[in-house]
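The structure appears right after this line, and notes come after that.
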Amino acid sequence: MPKLVDHEQRRREIAEATWRAIDECGADGVTMRAIAERAGCTTGRLNHYFRSQDDLLIAALQHAYRNTAARMTRAAEQHTGRDALLAVLLEALPVDDTRRGEYRVWLTFWGQAMTNGALQAEHQRRYDAWHQLLTRLVRTAAPHIPAKRAANVAESLAALADGLGVQAIMHPASARPQHLRRLLELSITQLLGDAPATTDAA
-3 MPKLVDHEQR RREIAEATWR AIDECGADGV TMRAIAERAG CTTGRLNHYF RSQDDLLIAA
57 LQHAYRNTAA RMTRAAEQHT GRDALLAVLL EALPVDDTRR GEYRVWLTFW GQAMTNGALQ
117 AEHQRRYDAW HQLLTRLVRT AAPHIPAKRA ANVAESLAAL ADGLGVQAIM HPASARPQHL
177 RRLLELSITQ LLGDAPATTD AA
C-alpha cells in the first residue's frame, strides 16, 4: 500500500528547514542543497513542493509569521487592556534563544526585501497585519483616544519594537528582558497617558 503523505505538513517542515538554513547560513548563503539537507530530502523533492527559491523564502517567512502570530494571540488572550498591549509587544522582541534565532532571520529578510519585490510584498502584508493588531490593542487599552491617534500610537510602538529588537541583536548585553520591558512600559505610559501597564504580563 502506498505511503500516505500529508503534503501541507511536508511543506511546513520544508519551510522550517529553510528557516533554519537561513539562520545558519544567511539568505545569501542558502542553497537548495542546504535546505534539502535540513529537510531530509532531495532537491528534486523541494522542487515538487516549491517552484523556486523565492517561493521557499516566502514560505519560510509565512511559517515564521504564523508562529509569532500564534504567540501574540495567546499573549493577548491572557491579558487585558495595557497589559495585553505590553505582552504582545514583548512577544515581538528577541528575549530568549528561540526569538533571537527568529529575529536574526527577520533581519535577513528585511535586507533581502530591499531588492526582492516578492519578499517586499510579503513583508509589507505581514507588517500591515502587525500594525492593525497593535491599533486594535491600543484602541482597547485607551478607548478615549481618537482612531487616528490610536493608529499613530500603534505605528510609534511598532517602530520602537523594531528598534529595540535590532538593538537587542546587535548589543545583547545591554538589552536584558526586564530592561526592554521597562522601556516598553515607559513608552506605553507616555503615549497613552497615566495608568501604566501592571506587572502581570509575561
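Per the numbering used here, numbering through the sequence shown is continuous, rising by one, with the last residue being 198.
Glycine included, every Cβ here is placed at the ideal spot set by N, Cα and C.
First through last residue of the alpha helix (DSSP H) which encompasses residue i
{"i": "Val84", "result": "Gly77 to Glu87"}
{"i": "Ser152", "result": "Ala143 to Met166"}
{"i": "Pro173", "result": "Pro173 to Leu188"}
{"i": "Asp51", "result": "Gln49 to Glu73"}
{"i": "Ala125", "result": "Gly113 to Ala137"}
{"i": "Thr39", "result": "Thr39 to Tyr45"}
{"i": "His3", "result": "His3 to Cys21"}
{"i": "Gly25", "result": "Neither: Gly25 is in no alpha helix (DSSP H) and is coded neither H nor E."}
{"i": "Ala199", "result": "Any question about residue 199 goes unanswered here, given that the chain covers just -3 to 198."}
Residues near residue i by beta carbon distance below 8 Å, same chain, minus five either side
{"i": "Ala198", "result": "Here the model assigns Ala198 a pLDDT of 39, short of 50, so the residue's position is not dependable and the matter cannot be decided."}
{"i": "Leu115", "result": "Asp50, Leu53, Ile54, Leu57, Phe105, Gln108 and Ala109"}
{"i": "Arg135", "result": "Ile141, Ala143 and Ala146"}
{"i": "His119", "result": "Leu57, Phe105, Trp106 and Ala109"}
Separation of residue j from residue i, as counted between CA atoms
{"i": "Asp196", "j": "Asp79", "result": "Because the pLDDT at Asp196 is just 48, under 50, the model does not fix this residue reliably, and the value given afterwards should be weighed accordingly. Asp196 and Asp79: Cα-Cα distance of roughly 7 Å."}
{"i": "Thr131", "j": "Leu153", "result": "10 Å"}
{"i": "Val26", "j": "Leu42", "result": "14 Å"}
{"i": "Gly22", "j": "Pro139", "result": "43 Å"}
{"i": "Leu156", "j": "Gly40", "result": "43 Å"}
{"i": "Arg7", "j": "Thr69", "result": "23 Å"}
{"i": "Gly189", "j": "Arg121", "result": "30 Å"}
{"i": "Ile31", "j": "Ala117", "result": "23 Å"}
{"i": "Asp2", "j": "Ser48", "result": "21 Å"}
{"i": "Asp124", "j": "Arg67", "result": "18 Å"}
{"i": "Glu9", "j": "Cys37", "result": "11 Å"}
{"i": "Met166", "j": "His44", "result": "38 Å"}
{"i": "Asp24", "j": "Asn148", "result": "35 Å"}
{"i": "Gly161", "j": "Pro168", "result": "10 Å"}
Among the options, nearest to residue i - alpha-carbon criterion
{"i": "Ile16", "options": "Thr94, Leu133 and Arg47", "result": "Here residue 16 is Arg; the residue named in the question, Ile, does not match the sequence. When only C-alpha atoms are compared, the closest one is Thr94."}
{"i": "Glu98", "options": "Arg29, Arg62 and Asn148", "result": "Arg62"}
{"i": "Gln174", "options": "Ile31, Leu89 and Asp2", "result": "Leu89"}
{"i": "Ala137", "options": "Ala169, Glu118, Gly113 and Thr76", "result": "Thr76"}
{"i": "Gly159", "options": "Ala125, Ala169 and Leu103", "result": "Leu103"}
Integer-rounded CB distance, given that residue j should sit under 8 Å from residue i
{"i": "Arg34", "j": "Ala65", "result": "Actually they do not touch by this definition, with Cβ atoms about 23 Å apart."}
{"i": "Leu176", "j": "Val91", "result": "7 Å"}
Cβ-based neighbour list, residue i, same chain, cut-off 7 Å, excluding 5 preceding and 5 following
{"i": "Ala150", "result": "His127, Leu130, Thr131 and Val134"}
{"i": "Arg178", "result": "none"}
{"i": "Arg29", "result": "Thr39"}
{"i": "Asp250", "result": "This structure cannot settle anything about residue 250, because the visible part of the chain is limited to -3 through 198."}
Proximal residues to residue i (C-beta, below 6 Å), its chain only, five neighbours per side dropped
{"i": "Glu4", "result": "none"}
{"i": "Ala171", "result": "Gln163 and Ala164"}
{"i": "Gln186", "result": "none"}
{"i": "Ala11", "result": "Ala55, Ala56 and His59"}
{"i": "Phe46", "result": "Leu52"}
{"i": "Asn112", "result": "none"}
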